[in-house]
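One structure is given here, and the rest of the page talks about it.
Residue numbers (my numbering): 2 to 147.
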């Protein structure tokens with residue numbers, strides 16, 4: 002089971018999220034023994050239920066009205082989970098999202114999107130320790146469902 006895990010992190014560069022638009026967050030490989038992280042998506046090749054976690058570190062917003070959110074988007078459109086937070090202008094802030102999601106082992110994938118609705122764009126901090134995305138198999142891999 003320890004091989005059925007993947008983790009992506011930011012690459013050290015801030016990512017600007019435009020106002021009013023869901024934007025896929027970019028990640029680079031931190032560890033990925035099965036090559037499941039590609040094109041900012043995690044796509045496991047073993048069917049089963051996975052715990053999926055993400056954290057995003059936002060730089061301080063320039064306006065205090067509105068909200069930011071992060072989402073797990075499955076297969077490009079279906080929202081699997083969302084976490085929403087009011088914008089903070091006095092300091093950077095983090096958002097974390099956790100879910101258990103089923104992957105079919107062939108076509109299913111998950112990506113993390115970010116949204117800011119404060120009237121202007123907002124940056125995600127580029128530090129790998131503040132923004133990351135990971136998944137690990139908890140049940141699956143066999144035809145019996147265990």
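Cβ coordinates follow ideal geometry from the N, Cα and C atoms, glycine included.
A residue is called buried once 16 or more other Cβ atoms fall within 10 Å of its Cβ, and residue 29, having fewer, is exposed.
Per DSSP, residue 28 is not a residue of any beta strand (DSSP E), being assigned neither H nor E.
Taking residue 124 as reference, the option from 62, 80, 91 and 43 with the minimal CA-CA separation is 62. Rounded to the nearest angstrom, the gap between the Cα atoms of residue 50 and residue 107 is 13 Å. Looking only at 5, 6, 7 and 13, the smallest Cα-Cα distance to residue 132 is reached by 13. When the Cα atoms are used, residue 11 and residue 55 turn out to be separated by approximately 11 Å.
Where residue 57 is concerned, the enclosing beta strand (DSSP E) starts and stops at 49-59. Of all C-beta pairs linking the segment 88-102 to the segment 38-48, fewer than three are shorter than 8 Å, placing the two stretches out of contact.
Excluding sequence positions up to five before and after residue 127, its CB lies within less than 6 Å of the CB of 11, 13, 14 and 15, all in the same chain and listed in chain order.
Counting along the chain, residue 45 sits inside no beta strand (DSSP E), nor does DSSP assign it H or E at all.
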